[in-house]
Amino acid sequence: MSIIKLTNNSLLRGRKHTLFITILFTFYISSYGQSKTLNISFDNVLLKDALDKIEKSSEYSFAYQSGILPKEYRVSKSFTNQPIENIIKELLKGTAITFQIFEDQVIIKRKKKLKKYILNGYLYNSETNDILINANIYDKHNLKGNITNTEGFYSLSLNEGIHTIVYSYTGMENIEKQLVLDSDKQIDLKLDPNLEIEEVIINGNSITPIIEKNSSLGEMKVLASEMMEFPTVMAEADVLKSVQLLPGMQSGAEGNGALYVRGGGPLQNLFLLDGMPIYNCYHLLGLFSVFNADIIDETKLYKGGFPSQYGGRLSSVLDINTRDGNYKKIKGKASIGMISSRIALEGPIIKDKTSFNIAVRYGYYDIYGEMLSDEVEGSHNIKDYNFYDINLKVTHKLSEQNKIYASIYTGRDKGEKNSKSELNEFNTYYFSQDINGQDWQNLLGTIGWEAKLNSKLYANSQISLSNYDYNSYLNDTTYYESQQDTSSTLNNSNLSNQVNHIQLNSKWQYHLNTKTKLNFGYRLAKIDYRSDNSKKDHYNYSLSEAQSTSKDTIFSSYSYETYEQSGYIETTYDIYKTLGFTAGIHISHFKNKDYTNLQIQPRLTSYWEFSPDWILKSAYSKMAQHIHLLGVSKIKLASDLIVPATPNAPSETANHFSLGMSIYKLKLFNIHLDTYYKTMDNLVNFKEGDSYFSENNDWDNKVETGTGDAKGMEVLIEKPEGRISGWIGYSITEVNRQFDGINNGEKFPFRYEHRHHLNIVGKYNFSQKWSLSANWLYHSGNKETIPMKMYWSTNIYYDKNMGIQSDSPKIMINQKNAYKNPDYHRLDLALRYKRKNRIGIGTWTLSIYNTYARKNVYNTTYSEDYAHIVGHPGYFTRVKNEHYYFDIIPSISYSLSF
Amino acid sequence: MKIRTKHYYIYTIVLILLTSLHFSCKKDEVNPTDEYMVHCILYEGKTPKIGIYRLLDVHTKYPFNIIYHEDVTSWEMEIRKNNETIYNNFTHMVYSSNVQSQYPDGNKNISYFSNDNILPISGDTYSLKVEIGENDVQTPKVLTASTSIPSKVPFTLEQLPTKNVNPYTKYKISFTDPGPEKDFYYLVAMAISPINNFVNKGSINIDRIWENLGSRNSSYQISHLTQVTSKWTGLDTNTTSDEKNTYPSNYYGTLFTDESFNEKRKEIFLEPIQYFGDDPYGAYLSVELYHITEDYYRHYESTLRQVNAENDIYSEPVQVYSNVKNGHGLFGGASISRQIIEIKQE
């Protein structure tokens with residue numbers, strides 16, 4: 002007996018191959034029907050060994066191409082008096098291999114036409130029974146994969162045959178499962194937590210890829226567990242700070258937590274916490290976000306190629322999900338730091354059925370205030386600044402595939418600055434007091450239901466509310482008393498801004514067939530906006546003569562009830578194994594009194610894996626938002642007003658084109674390159690000279706609408722594995738704005754355009770206990786509008802100089818945002834020591850922010866310095882004042898997981 | 201993974217893309233270069249005064265940023281009327297400031313240029329061309345601008361009977377907006393009180409008063425009556441449509457447009473609420489209605505907003521409007537109608 006094994010280089014090529022098959026086929030025709038029977042059994046043997054056994058037990062010999070047999074596929078079957086062809090047929094069932102018999106020769110070969118089958122199922126945490134969101138599922142050999150959705154469900158369309166499927170999730174043991182796919186199959190699995198999960202830093206030399214192979218263009222992912230690894234200010238892990246280390250996601254200025262994505266503004270980002278939009282997601286004047294890392298599972302973010310389910314903002318989506326509590330046992334984490342302390346607790350209410358997860362954080366400003374530079378005006382006078390936030394999630398499983406949950410978030414910031422002065426001399430008493438305070442709070446609540454209705458249909462429905470309330474006040478009092486007279490002034494100003502949002506949201510997913518998936522959904526929201534912005538001035542010029550004046554000024558006051566509804570439908574279609582697209586449409590309708598706006602927003606993404614691990618991606622998205630942020634362009638403030646679209650300030654829209662390429666496993670690196678071009682319409686900006694404190698009740702008469710555009714390229718080089726892991730992100734960007742009434746109608750650069758932006762983020766594990774992480778950030782300076790030239794104002798003309806002081810120097814603002822601040826750069830380090838103790842695992846973190854104490858400018862102002870008087874009286878110099886927040890800030894924190 | 205040859209093509213394409221994007225992006229930083237300012241308003245029937253100045257760098261370092269004024273030393277200028285008549289012979293004039301203390305180097309003289317042959321006429325169009333070729337400027341700069349001269353808008357001024365005790369009385373200004381096109385106005389009112397008895401209404405030279413404004417005048421005290429009218433409503437216009445608008449105004453006057461009274465009769469009631477009391481030698485009210493070009497209006501409207509926004513951190517920065525191409529400033533046109541009445545003291 003002999004076995005003919007054909008290699009790639011042998012006869013099975015070209016004409017020789019054809020000739021050989023023809024000859025064999027002739028033999029096959031002549032010998033058909035000469036099958037013989039056999040008694041044989043196999044007990045967990047490799048397919049190759051099974052064929053060998055048949056060969057030895059019969060007169061048949063086998064011929065097949067090397068590598069055609071699945072290496073690790075084992076069979077266990079027994080046959081009694083069965084024809085040889087039946088035995089082989091049964092052994093090869095589902096393997097995508099077929100055979101032909103020519104006399105005593107059996108030719109094994111691949112099937113030419115393979116059927117497609119769906120492999121789907123749910124993934125759970127075996128310990129908590131919690132679903133696993135965004136777990137990876139992929140075929141080990143062809144790397145084709147997918148991730149679980151927000152219900153923990155996955156679905157893969159695969160050719161019939163034998164597949165080794167890898168199920169992986171950060172912090173969990175991987176499962177490799179070999180299966181014969183000869184029909185649609187559902188496989189639900191429970192992944193075991195990695196026993197060393199708590200020590201993921203100790204042993205984990207890898208990080209999850211930020212951009213996964215099956216991600217759409219512009220989609221990125223940051224895991225909370227890995228977010229903890231990187232240094233941030235005051236040793237506080239923070240979602241937004243971590244996100245801002247990725248290319249295309251930029252911060253505004255030092256101390257400003259706002260996110261600027263691909264030329265968009267802060268309110269052009271949709272922040273979703275368990276599906277509910279959050280309107281002001283900053284603590285401590287914007288230094289930290291409200292998202293507590295202890296309860297967050299992961300953050301998915303989109304800066305382009307937006308899935309159709311998202312709408313309502315132009316520039317990015319940050320979809321943040323909190324974790325379900327542990328269904329089996331109580332677990333917790335407590336930490337104490339220089340700026341906040343936190344405690345998180347999770348566990349079962351009814352074992353394996355109902356769980357809770359609660360996280361509480363309390364922040365204190367005093368130490369932080371001391372760390373600030375003296376340049377930050379009044380920062381040391383801010384007393385009693387504190388914040389808190391509470392997250393609570395309760396989940397109840399109705400069945401394995403059906404659960405309901407309730408998620409609540411509440412948080413508040415409150416601070417007050419009080420400065421007082423008193424003078425009592427020469428029979429004169431003078432008293433002055435300024436009280437300046439602000440507070441803001443968010444309250445979010447969601448009740449949701451997630452279910453798999455059948456093997457193809459999934460549903461996730463929510464009813465939720467989001468309430469945002471901002472208030473600031475300024476009370477100035479002066480009192481003057483002398484022997485002759487008494488006078489006093491009292492000025493009170495208040496600014497409030499509220500947004501109340503309640504919505505019903507339902508999302509559905511239907512697996513139409515092996516190649517096609519359908520997503521659709523609907524959202525209905527009622528959003529109310531209110532603001533009062535007024536000032537009261539009261540003067541008693543002379544109490545003795547009882548002369549007094551009072552003036553009430555309303556800067557702006559509004560109340561809107563708006564309704565927004567949107568629907569979407571989207572299909573994902575795989576044309577070939579390496580080529581596919583997702584096409585969808587998002588339609589939104591907005592109503593604000595008599596103003597209505599309908600926006601039809603097509604979305605399209607595609608991928609083409611033109612070479613293994615080389616993927617070309619493209620995307621187009623139209624986005625719309627029916628909301629504006631009225632901000633101060635000179636500095637980012639928490640008091641910026643949130644207003645709805647109106648006839649004078651219609652809904653904003655954007656068209657976003659992007660083209661990118663991802664290269665995986667290039668040596669140790671994954672390389673991603675994105676280019677994009679974005680246009681924006683109906684952007685709003687206060688008119689030149691106006692602000693929300695200028696006297697005009699109607700805010701929309703104080704704004705201009707205009708356009709914007711952004712273009713750029715982003716490069717991300719990831720090194721997800723190895724002793725040193727991390728990434729380098731670089732972006733080059735040009736962002737412009739254009740308004741008819743601003744800058745003489747000419748284009749001007751966006752204030753937060755960072756032309757060059759570079760991040761280098763790395764982590765190094767010294768040992769089981771010690772690790773060091775670092776990030777170095779560099780970007781071009783922010784733009785400012787400050788006087789660039791000056792001229793001499795005279796009174797030689799008949800025009801009376803229109804109020805410009807005669808015979809004096811006068812500044813000239815040549816162009817908006819023409820001045821560039823010095824470039825920004827800083828190095829942050831974090832050293833961690835982790836050790837088990839009797840209670841759990843304790844972690845010491847020593848963090849150094851701005852290690853080499855770079856004075857990074859956050860704002861530049863122009864002034865005339867009368868102090869430098871030289872020569873003639875009244876002679877002064879003109880100076881630029883550069884303001885900065887931080888020097889070097891070392892900090893330490895301790896956390897204990899139990 | 202082995203890098204395949206074809207991938208080098210992709211590297212090359214990426215490199216080209218990156219490089220081309222880098223160069224396609226506009227320059228990241230604007231470096232201030234030499235810039236010039238022209239200031240000239242052609243008033244109907246008045247010889248113009250034309251100022252040409254080099255703008256000074258704001259941010260030079262101490263102690264070198266102490267220059268307040270820099271004249272242009274080498275220039276050629278022409279003004280054309282209706283694109284036909286050419287005026288290119290200008291006299292160098294010097295204006296002496298009265299504010300001595302502002303000049304660290306003792307130089308209180310400011311240059312301007314004039315040509316007595318130019319007497320602007322309503323309805324004519326004038327264009328300006330200035331070529332500056334100073335020694336330290338590598339490429340000569342050519343500044344151009346043009347303007348028309350609006351027609352005079354006559355008005356009546358009358359003191360209204362009132363029960364109020366003088367001087368808190370009321371005056372009515374009436375005029376008709378001349379045409380369907382958008383018109384722009386500047387209204388100035390002031391009280392003039394002679395400080396001796398040698399002055400009578402007929403001898404008051406308002407132009408002379410304006411020219412010496414800011415200096416100590418030996419003949420008059422001047423009160424700018426509209427200084428209190430920060431809002432149009434402060435002038436008590438008696439028109440509800442105007443009450444929602446805020447018009448830019450300053451110590452001297454108020455800018456406004458005919459948006460609410462196009463081609464209609466307009467009445468403005470002037471009610472001064474501040475006055476300096478008894479005048480032993482009588483007092484006169486001077487009201488001037490400037491019919492101005494849009495460029496004039498926009499230039500000063502933006503100037504006023506810039507002054508207000510300059511030191512307010514909340515306010516959007518304001519860029520002053522200019523109609524001078526390749527430079528800054530204003531080349532505007534205006535016609536002035538004037539009425540002077542004696543303030544009757546009861």
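As you go down the protein sequences, you meet chains B and W in turn. Every letter in the first sequence is one number past the one before it in this note's numbering, and letter 6, counting from 1, is 7. Every letter in the second sequence is one number past the one before it in this note's numbering, and letter 313, counting from 1, is 513. We put the CB at the ideal spot given by N, CA and C, even for glycine.
Would E735(B) and D675(B) qualify as a contact pair, given that the criterion is a beta-carbon distance under 9 Å?
Within the first sequence, residue 735(B) is the residue found at index 734, counting from 1. Within the first sequence, residue 675(B) is the residue found at index 674, counting from 1. No; because the gap between Cβ atoms is not below 9 Å, this pair is not in contact.
Would you say R505(W) lies against chain B (beta-carbon separation less than 9 Å)?
The residue given as residue 505(W) occupies position 305 in the second sequence. Closer than 9 Å to some Cβ of chain B, the Cβ of R505(W) qualifies, so yes.
Could you work out which residues of chain B lie near A509(W), taking near to mean beta carbons separated by less than 7 Å?
Along the second sequence, one-based indexing puts residue 509(W) at 309. By Cβ distance, chain B contributes G690.
At which residue ranges does the region 302 to 377 of chain B contain complete beta strand (DSSP E) runs of 3 or more residues, listed in the order of the chain?
Segments of the beta strand (DSSP E) lying fully in the region 302 to 377 of chain B: 317 to 323, 332 to 337, 341 to 351 and 355 to 365.
Name the two residues that bound the continuous alpha helix (DSSP H) containing V240(B).
Taking the first sequence and counting its residues from 1, the one referred to as residue 240(B) is at position 239. Its alpha helix (DSSP H) spans residues V240 to V244.
So which residues on chain B does Q519(W) lean against when the C-beta distance must stay under 9 Å?
Translated into the one-based positions of the second sequence, residue 519(W) becomes position 319. Under the 9 Å cutoff, chain B gives E689, I743, N744, N745, T786, M813, I814, N815, Q816 and K817.
Quick check: the Cα distance between S488(B) and I279(W), rounded to an integer number of angstroms?
The sequence position of residue 488(B) within the first sequence is 487, counting from 1. The sequence position of residue 279(W) within the second sequence is 79, counting from 1. Roughly 58 Å between the two C-alpha positions.
Closer than 7 Å by C-beta to Y500(W): which residues in its own chain qualify, once you throw out the five before and the five after it? Chain order, please.
If you number the second sequence from 1, residue 500(W) lands on position 300. Same-chain partners within the cutoff: L455.
Could you tell me the boundaries of the alpha helix (DSSP H) in which N147(B) lies?
Stepping through the first sequence from its first residue, residue 147(B) is reached at position 146. Where N147(B) is concerned, there is no enclosing alpha helix (DSSP H), although the beta strand (DSSP E) it sits in stretches over G146 to I148.
Which residues in chain W have a C-beta closer than 9 Å to the C-beta of L674(B)? List them in chain order.
Here the question's residue 674(B) lines up with position 673 in the first sequence. Result: V214, L217 and L218.
Would S894(B) count as contacting chain W if we go by Cβ distances under 9 Å?
One-based indexing of the first sequence puts residue 894(B) at position 893. So, not an interface residue.
Could you work out which residues of chain B lie near L470(W), taking near to mean beta carbons separated by less than 7 Å?
Within the second sequence, numbered from 1, the residue matching residue 470(W) stands at position 270. Those do not exist, as L470(W) stays about 17 Å from chain B at its closest Cβ, beyond 7 Å.
Give the interface partners of I555(B) over in chain W, defined as CB-CB distance under 9 Å, in chain order.
Stepping through the first sequence from its first residue, residue 555(B) is reached at position 554. Per Cβ cutoff of 9 Å: no residues; I555(B) is ~13 Å from chain W at best.
Cα separation between T149(B) and E299(B)?
As a working mapping, residue 149(B) is identified with position 148 in the first sequence. As a working mapping, residue 299(B) is identified with position 298 in the first sequence. Approximately 13 Å, taken between the alpha carbons.
For E516(W), would you say it is in contact with chain B, using Cβ-to-Cβ distances shorter than 9 Å as the test?
Looking up residue 516(W) in the second sequence gives position 316. Closer than 9 Å: yes.
Which residue's Cα is closest to the Cα of T457(W): Q519(W), V520(W), L255(W) and L387(W)?
Taking the second sequence and counting its residues from 1, the one referred to as residue 457(W) is at position 257. Here the closest residue by C-alpha is L387(W).
Kindly list the residues whose CB is nearer than 7 Å to the CB of V181(B), restricted to its own chain and excluding five residues on each side of it in sequence; keep chain order.
On the first sequence, residue 181(B) is found 180 positions in, with the first residue counted as 1. These residues qualify, in order along the chain: G95, T96 and I163.
Return the first residue and the last residue of the beta strand (DSSP E) that Q504(B) is part of.
Numbered from its first residue, the first sequence carries residue 504(B) at position 503. T487 to H512 is the span of the beta strand (DSSP E), which, as asked, contains Q504(B).
Mark D320(B) as exposed unless 16 or more other C-beta atoms lie within 10 angstroms of its C-beta, in which case mark it buried.
Taking the first residue of the first sequence as position 1, residue 320(B) is located at position 319. Per the 10 Å Cβ criterion, buried.
Buried or exposed for N593(B), going by 16 or more other Cβ atoms inside 10 Å?
Along the first sequence, one-based indexing puts residue 593(B) at 592. It counts as buried.
Mind listing which residues of the region 608 to 634 of chain B have their C-beta closer than 7 Å to chain W's C-betas, in chain order?
Under the 7 Å Cβ criterion, the region 608 to 634 of chain B contributes D614, V633 and S634.
Name, please, each residue of chain W whose Cβ falls closer than 7 Å to the Cβ of I296(B).
As a position in the first sequence, residue 296(B) is number 295, starting the count at 1. Per Cβ cutoff of 7 Å: no residues; I296(B) is ~37 Å from chain W at best.
To the nearest angstrom, report how far apart G249(B) and Y677(B) are at their CA atoms.
Here residue 249(B) is taken as the residue at index 248 of the first sequence, counted from 1. Here residue 677(B) is taken as the residue at index 676 of the first sequence, counted from 1. Near 10 Å, if we compare the C-alpha coordinates of Y677(B) and G249(B).
Taking the DSSP output, what are the residues bridged to V238(W)?
For the purposes of this step, residue 238(W) is taken as the residue at position 38 of the second sequence. Paired residue(s): I252(W) and G529(W).
Hey, how far is the Cα of A620(B) from the Cα of P603(B)?
Locating residue 620(B) in the first sequence gives position 619, where the first residue counts as 1. Locating residue 603(B) in the first sequence gives position 602, where the first residue counts as 1. Rounded to whole angstroms, A620(B) to P603(B) spans 11 Å at the Cα level.
Let's see if you can read the secondary structure: which residues bound the alpha helix (DSSP H) around T503(W)?
For the purposes of this step, residue 503(W) is taken as the residue at position 303 of the second sequence. Taken as a continuous stretch (DSSP letters only), the alpha helix (DSSP H) holding T503(W) covers E494 to A509.
Start and end of the alpha helix (DSSP H) containing D888(B)?
Residue mapping note: residue 888(B) aligns to position 887 of the first sequence, counting from 1. Taken as a continuous stretch (DSSP letters only), D888(B) belongs to no alpha helix (DSSP H), as it is neither H nor E.
Please identify, using Cβ separations under 7 Å, the residues of the region 633 to 664 of chain B that lie next to chain W, in order along the chain.
Answer set for the region 633 to 664 of chain B: V633, S634, K635 and I636.
Relative to the C-alpha of K113(B), which residue among D701(B), I98(B) and P891(B) is closest?
Working through the first sequence from its first residue, we reach residue 113(B) at position 112. Residue I98(B) is the option with its Cα nearest to K113(B).
Can you name, in chain order, every residue of its own chain whose Cβ lies under 7 Å from the Cβ of Y511(B), other than the five neighbours on each side?
To locate residue 511(B), count along the first sequence from 1; it is residue 510. Cβ within range, chain order: K457, L458 and L519.
Does the distance from the CB of L491(B) to the CB of D533(B) come in under 9 Å?
In the first sequence, the residue the question calls residue 491(B) occupies position 490. In the first sequence, the residue the question calls residue 533(B) occupies position 532. In this structure, D533(B) does not lie closer than 9 Å to L491(B) by Cβ.
Look up I216(W) in the DSSP assignment and say whether it is helix, strand or coil.
Within the second sequence, residue 216(W) is the residue found at index 16, counting from 1. I216(W) falls in the helix class under three-state DSSP.
Pick helix, strand or coil for G746(B), following the three-state DSSP scheme.
Mapped onto the first sequence, residue 746(B) falls at position 745. In the structure shown, G746(B) sits in a helix (DSSP, three-state: H, G or I).
Nearest by alpha-carbon distance to T356(W): which of T212(W), L470(W), D383(W) and N315(W) is it?
As a first step, residue 356(W) must be located in the second sequence, where it is residue number 156. The option with the nearest alpha carbon to T356(W) is L470(W).
Got a sec, what are the start and stop residues for the alpha helix (DSSP H) H58(B) sits in?
Here residue 58(B) corresponds to residue number 57 of the first sequence, with the count starting at 1. A small fix is needed here, since residue 58(B) is Ser in this sequence, not His. Here the alpha helix (DSSP H) through S58(B) covers L48 to S58.
Check for me: the beta strand (DSSP E) holding N87(B) runs from which residue to which?
Along the first sequence, read from residue 1 onward, the residue named residue 87(B) stands at position 86. That residue, N87(B), is in no beta strand (DSSP E); its alpha helix (DSSP H) goes I85 to L92.
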